[in-house]
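Heads up: the sequence shown at position 178 corresponds to 294 in my numbering, and the numbers run straight through without jumps.
Glycine residues also receive a C-beta, built at the ideal position from the N, C-alpha and C atoms.
Below: one structure, written as structure tokens.
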Amino acid sequence: MQLMNSETMNFDKETEQLRSEFQKLMRGTIAPKNGETIFDAVHRFHPDGLIVLDGDITKRNLYQRLPATNPVALATIAGKKGEAFQNARYTPTSLTESDIHGSVTGAKTRFIAGSELYAQLKQNVADYELTVITNTGSIKGSPIHAEVDAKYLEGLGVRETDIAMETSSTNTVENIAETILLAHDRNLHKLIILTNGYHLPRTITFYRSLQDDDLYEKRLDHFFTQKLNETLAKRGMNIDGFFTIVRDMEIEFLSAESILPYRNKRYLNLIAQWKNSEEYQKRLNSELRGYTQLIGGTYGEKINL
């Protein structure tokens, strides 16, 4: 399947070089520069520098980036929910709203960006087989997050029949593992994982740790082995079988911030203001703590930076 004709392949060389380098970094085939961590490196490439260069905001650049594999699963990694008091229902949180734990995550942007990708891919190829996956179950006192997000996506134009809900996971590690298994169960050959830019380093490191037996044992074994093994057992599968699925599936990561300006340029200013806010810096520091714990094999424990 060809999404774009040859005339649209005239990418700025710098953009293509950044994309190529970023993909190699994600796969672990090149090391971060000058001893920087992957956290530093991802924020050097993503989200603004990867696609949005010199104010050139064109949809063809974004959609040409996406490999043309069909069928595809688009997974929007969920954030915690906030309550929209004006209509007494739960929704994903905006760039300025706090979730039920008082954290500003901008989760709503992931679903707006996801609906944008969905609409464009469906528009370019009428029979494009695309399943949008929402994930995470519920925590005490709140509804099942995947159901909340599915309803929100429907309101943004995603067809109900194109949405699959994963309701078992309760954290990012389980989000990724359960989403990969759901995509595999549905015979979806490519998975696009969509989250916010600040969340990418930790998410990518989780994923890379699921590709390597040694990294898994060092970083994640203590954290969710029992639950993952129980999930696999229900499928008649062991951890080695899961590793094979992870390694065989084509997976790409995208940030909501790198997509939203293609929907509307006003998001450039909104995102810039958000990144300059005290709340965003707190969120970034929290992610850095989690990333530091993850690479040190102490994820889930309290540490001081």
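Taking Cβ positions, are Thr319 and Asp278 nearer each other than 7 Å?
-> no
Run of the alpha helix (DSSP H) containing Val289, from where it starts to where it stops | Thr288 to Asp301
Counting pairs of Cβ atoms below 8 Å between the segment 286–298 and the segment 360–372, do you hit three or more?
-> yes
Tell me whether Leu272 is buried or exposed, calling it buried when 16 or more other Cβ atoms sit within 10 Å of its Cβ.
-> exposed
Mind checking which residues open and close the beta strand (DSSP E) that includes Thr311?
-> Lys306 to Thr311
Is the segment 308–327 in contact with the segment 397–405, if contact means three or more CB pairs nearer than 8 Å?
-> yes
Could you name the residues of the same chain whose beta carbon sits closer than 7 Å to that of Glu276, not counting the 5 residues immediately before and after it, in chain order?
-> Glu270
Counting along the chain, where does the alpha helix (DSSP H) carrying Ile355 start and finish?
-> Ile355 to Asp364
contact_flag[the segment 348–356, the segment 279–290] where n(CB pairs < 8 Å) is 3 or more = no
Cutoff 6 Å; reference Leu384; Cβ partners in own chain excluding five residues on either side = Closer than 6 Å at the Cβ level, and outside the excluded window around Leu384, lie Pro377.
Taking C-beta to C-beta, are Ser325 and Leu336 nearer than 7 Å?
-> Against a cut-off of 7 Å, the Cβ pair of Leu336 and Ser325 comes out as a contact.
Could you give the uninterrupted runs of the alpha helix (DSSP H) lying entirely in the segment 391–421, keeping only those of 4 residues or more?
-> 394–412
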